[in-house]
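Just so you know, we're using my numbering here: the sequence shown kicks off at 61 and counts up by one.
Here's the structure we're looking at; comments come further down.
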Amino acid sequence: MQDPPNPQPDRKGLTAAERELELALARLRPSRARLDRDRLIFDAGRLAERRRARPWLAAAAVLGLCVLVTAAAVPGLPVRERIVYVDRPVEVMVVAEAPPAPAATTRTAGGVSYLDVRRAMAEGVGADLSDMDPNASRADRPGLPTVFFGLFTNQTHEHEAEGKCQ
61 MQDPPNPQPD
71 RKGLTAAERE
81 LELALARLRP
91 SRARLDRDRL
101 IFDAGRLAER
111 RRARPWLAAA
121 AVLGLCVLVT
131 AAAVPGLPVR
141 ERIVYVDRPV
151 EVMVVAEAPP
161 APAATTRTAG
171 GVSYLDVRRA
181 MAEGVGADLS
191 DMDPNASRAD
201 RPGLPTVFFG
211 LFTNQTHEHE
221 AEGKCQ
């Protein structure tokens, strides 16, 4: 037998039915959430990507199938047989070599090389090339560094004489 409901509230102000409901609710444990926000977003992204990838996968599969069908349908390259005639080696007489040609010179028709003319111009000899000996050895002529530094030294001395260099 059940106790008749007590309409009198207890110290919390609850009736017997409310206390019973309170005890029943206190025994309940919360269940895991069925809806996980992060998992939902992840699954949506994966599903969207799968939908986007399907046309590309289908196109690749069709093209691959076309390649296989074409490779199976086209016969291999035919073998071409050729007959090649090879002559027997013929003995050839060896002719003595001609003497080597003289080495090319840098001398012009006038007997002076371009480098000598350039050096003369750099040294300030000017158009008068009569003082240049075309038969002089290289050791008798000044080298390029001497000419270059000589030019620099000459210009410096000229500027000092004119008062332009400080």
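From the three backbone atoms N, C-alpha and C, an ideal C-beta is built for every residue, glycine too.
Between the C-alpha atoms of residue i and residue j, what's the straight-line distance to the nearest angstrom?
| i | j | result |
| --- | --- | --- |
| L95 | I101 | 11 Å |
| E78 | A93 | 28 Å |
| G136 | T130 | 11 Å |
| D98 | G105 | 11 Å |
| R87 | L107 | 40 Å |
| L81 | P90 | 16 Å |
| V127 | E109 | 27 Å |
| V122 | W116 | 10 Å |
| A120 | R112 | 14 Å |
| G124 | E151 | 59 Å |
| K72 | A84 | 17 Å |
| R114 | A132 | 27 Å |
| S173 | A161 | 20 Å |
| P159 | P149 | 29 Å |
Here's the rule: buried if 16 or more other CB atoms are within 10 angstroms of the residue's CB, otherwise exposed. What is residue i?
| i | result |
| --- | --- |
| D147 | exposed |
| D103 | exposed |
| D176 | buried |
| R179 | buried |
| A187 | Its pLDDT being 49, under 50, A187 is placed unreliably by the model, and the measurement read from it follows with that caveat. Exposed, by the Cβ-count rule. |
DSSP on residue i, reduced to helix/strand/coil?
| i | result |
| --- | --- |
| R92 | coil |
The alpha helix (DSSP H) with residue i in it runs from where to where?
| i | result |
| --- | --- |
| A120 | 97-133 |
| D147 | Here D147 belongs to no alpha helix (DSSP H), and DSSP marks it neither H nor E. |
| R87 | 76-87 |
| E183 | 174-183 |
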